[in-house]
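Worksheet for the structure shown next.
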């Protein structure tokens, strides 16, 4: 592998959007960036002008930034008369901390990822879902009708799913990375030109996977080995960063970034020099959900929002505008054939069989956090 020098490159400023992105000063004024860790957070312009979250005609969301879309909010308001306001976060842990600090009284809907649903349920932070108030739950694909992270969708409804992989610039890297080990194998050439996710479970999990261990290992020896492998790579890294690297990658100042598939599949649409790769050895398969805090201020609006997003038309809009890979069979059936057959959007069964969902690891999370803190401070 050799790095190629890109001459006369120019940075696209189009505000494309796993989070609404910051690509330029202009984008910063209208778009909030979202560790999943999926970097400062900004309030959307719609939120700044909205009434209080407790109003009966207001729906207050706490969501990943790449799921925050004003056009979607306006479609919902036109249909229901309910105005949407939104705060965004960049990691499940940030969202959890806010809920534990009483934030559930502020929001009617939150978007926890799969493993976080289990954690929040155990902490009694989520309201059980009243299925009798839902329309279209039966449209979910079989995989999500009784998910292991929330049997029977008792406390959540799946919204989007995806994988974690490598987004690289083909004008900088001459050979396609096939797996994350590419970073270690080409460490000298990649010095200062790669980023890994600022996400303890994703990045430690990927290192575990590269050693042929489980993403969710609870074996202290295996976890230590993953830490040591990442420690050996750290001098090569530009940063641990989940978002905010997009401009640099597009321009060629970075060669490759560990990325969620939503962003990985979106950016190449307007930047053909970028390519997203799902590791051949397998990766993480994540699901983001819709859930209602146990002290939500507006249950009627919460259920209206979930029902709205369960509609195939809303699902297609989400796929087209926000690159949300749908768990809804009716939405999938309505998609163009080119999208349905794209293995980077809907991975093959072979890749899925090699991949894992990030799950709770019990008290072992303390060991993950210990090594993660050591790694980032080294």
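In my numbering, the protein residues as written are -1 to 376.
Cβ coordinates follow ideal geometry from the N, Cα and C atoms, glycine included.
Query, Result
"Whole-angstrom distance between residue 361 and residue 239, CA atom to CA atom", "26 Å"
"From 187, 254, 287 and 293, residue whose alpha carbon lies closest to that of residue 276", "254"
"Other residues of its chain near residue 290: CB distance less than 6 Å, five sequence neighbours each side excluded", "125 and 300"
"Closest residue to residue 158 among 249, 283 and 74 (Cα-Cα distance)", "283"
"Classification of residue 177 by the beta-carbon crowding that lies within 10 angstroms, buried from 16 upward", "buried"
"Buried versus exposed, by CB contacts within 10 Å (16 or more), residue 33", "Any reading at residue 33 needs caution, since the residue's pLDDT is 33, under 50, leaving its predicted position unreliable; the model's value is listed next. It is buried - the Cβ of residue 33 has at least 16 other Cβ atoms within 10 Å."
"Segments of 4+ residues assigned as alpha helix (DSSP H) that fall wholly inside the segment 234 to 276", "244 to 249 and 259 to 268"
"Inter-stretch contact (C-beta, 8 Å, three-pair minimum) for the segment 342 to 362 and the segment 109 to 125", "yes"
"Neighbour-count burial assignment, residue 146, 16 or more Cβ in a 10 Å radius", "exposed"
"Element boundaries [alpha helix (DSSP H), containing residue 61]", "Run containing residue 61: none in the alpha helix (DSSP H); it sits in the beta strand (DSSP E), 56 to 62."
"Buried versus exposed, by CB contacts within 10 Å (16 or more), residue 81", "buried"
"N-terminal and C-terminal residue of the beta strand (DSSP E) that residue 156 is part of", "155 to 167"
"Alpha-carbon to alpha-carbon, residue 96 and residue 237", "26 Å"
"Any beta strand (DSSP E) of 3 or more consecutive residues that is wholly inside the segment 173 to 229", "192 to 194"
"Environment of residue 232 [buried if 16+ CB atoms lie within 10 Å]", "exposed"
"Residue 65 - containing beta strand (DSSP E), residue span", "Premise fails: residue 65 is in no beta strand (DSSP E) and is neither H nor E."
"Residue 85 versus residue 59 - alpha carbon distance", "6 Å"
"Boundaries (first-last residue) of the beta strand (DSSP E) holding residue 83", "81 to 87"
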